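Residue numbers (our numbering): 2 to 211.
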Amino acid sequence: MEEGTGHAALIGKIPSSPVTTPLSCTRKKLLVLDLNGILVDIVSNVPDGFKADTFIARKALFKRPFCDDFLKFLFQNFNVGVWSSRTKRNVDSVVDFVLGEMKKNLLFCWDQYHCTDTGYSTLENRQKPLVLKELKKLWNKHDRNLPWEKGTYNESNTVLLDDSPYKALRNPPHTAIFPPPYSFEDAGDKSLGNVFFKAVFFLCVLTSGK
Numbered sequence: 002m003e004e005g006t007g008h009a010a011l012i013g014k015i016p017s018s019p020v021t022t023p024l025s026c027t028r029k030k031l032l033v034l035d036l037n038g039i040l041v042d043i044v045s046n047v048p049d050g051f052k053a054d055t056f057i058a059r060k061a062l063f064k065r066p067f068c069d070d071f072l073k074f075l076f077q078n079f080n081v082g083v084w085s086s087r088t089k090r091n092v093d094s095v096v097d098f099v100l101g102e103m104k105k106n107l108l109f110c111w112d113q114y115h116c117t118d119t120g121y122s123t124l125e126n127r128q129k130p131l132v133l134k135e136l137k138k139l140w141n142k143h144d145r146n147l148p149w150e151k152g153t154y155n156e157s158n159t160v161l162l163d164d165s166p167y168k169a170l171r172n173p174p175h176t177a178i179f180p181p182p183y184s185f186e187d188a189g190d191k192s193l194g195n196v197f198f199k200a201v202f203f204l205c206v207l208t209s210g211k
């Protein structure tokens with residue numbers, strides 16, 4: 002089984018377990034899930050020989066291998082929310098396609114509006130604003146529609162799963178996992194078949210002894 006990079010790799014190897022195995026923690030932790038780069042690859046141009054799973058806003062969308070099993074595992078073992086840096090319209094469309102009926106289990110679905118705009122652009126795309134995902138907005142119930150009381154979640158029971166480490170710059174250490182981003186051209190990608198078991202381990206370690 003291939004290893005990821007960054008924090009995901011530092012966690013180490015964890016034996017594979019059936020997706021149906023529940024997490025034996027007394028209280029479910031909050032997992033904040035990114036979309037593009039984690040569950041899907043969204044691209045403007047598709048080379049010959051590749052077929053997109055669907056098209057949204059004139060862009061091709063490819064689902065990552067093991068995506069469905071990964072989502073089922075997460076919803077069984079964690080409280081899950083989506084936080085994407087894309088616009089609400091695009092986020093809603095991607096969630097509808099990728100999660101299907103499972104979207105009703107989301108605690109929240111945040112978009113670019115909830116991100117912190119730094120005023121800068123990303124290095125890879127000068128037209129793309131550099132934004133941050135500050136977890137304190139969830140912990141402090143920045144949105145009153147969040148279905149929990151302020152203080153329910155904090156740095157001990159929350160983890161962001163994102164492929165862009167810079168988006169977590171203002172978050173406390175050990176509150177994010179950065180698996181390698183998915184490229185639709187990598188037919189052998191197995192990250193979702195491995196990283197979610199690391200997420201289980203990571204979250205349990207965060208709260209052990211507390």
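Think of the CB as a built atom: it goes at the ideal place given N, C-alpha and C, for glycine as much as any other residue.
This one's a predicted model, so the numbers in the text were calculated from it and none came from an experiment.
Minimum C-alpha distance to Pro130 - residue among Ser86, Leu108 and Thr153: Ser86
Buried or exposed (CB count within 10 angstroms, at least 16 for buried), Pro181: buried
Spatial neighbours of Phe79 in its chain, beta-carbon cut-off 6 Å, leaving aside the 5 residues before and after: Lys29, Lys30 and Leu32
Beta-carbon contacts of Val132 that lie in its chain and below 8 Å, excluding the five residues immediately before and after: Ser86, Gln113, Cys116, Thr117, Asp118, Thr119 and Lys168
Contact under 8 Å by Cβ, Phe185 with Phe51: yes
Alpha-carbon to alpha-carbon, Asn172 and Ile43: 26 Å
Simplified DSSP assignment, three categories, for Asn91: helix
Leu193 (DSSP reduced to helix, strand or coil): helix
Straight-line gap, Leu136 to Thr176 (C-alpha atoms, nearest Å): 9 Å
Coil, strand or helix - Leu75 by DSSP: helix
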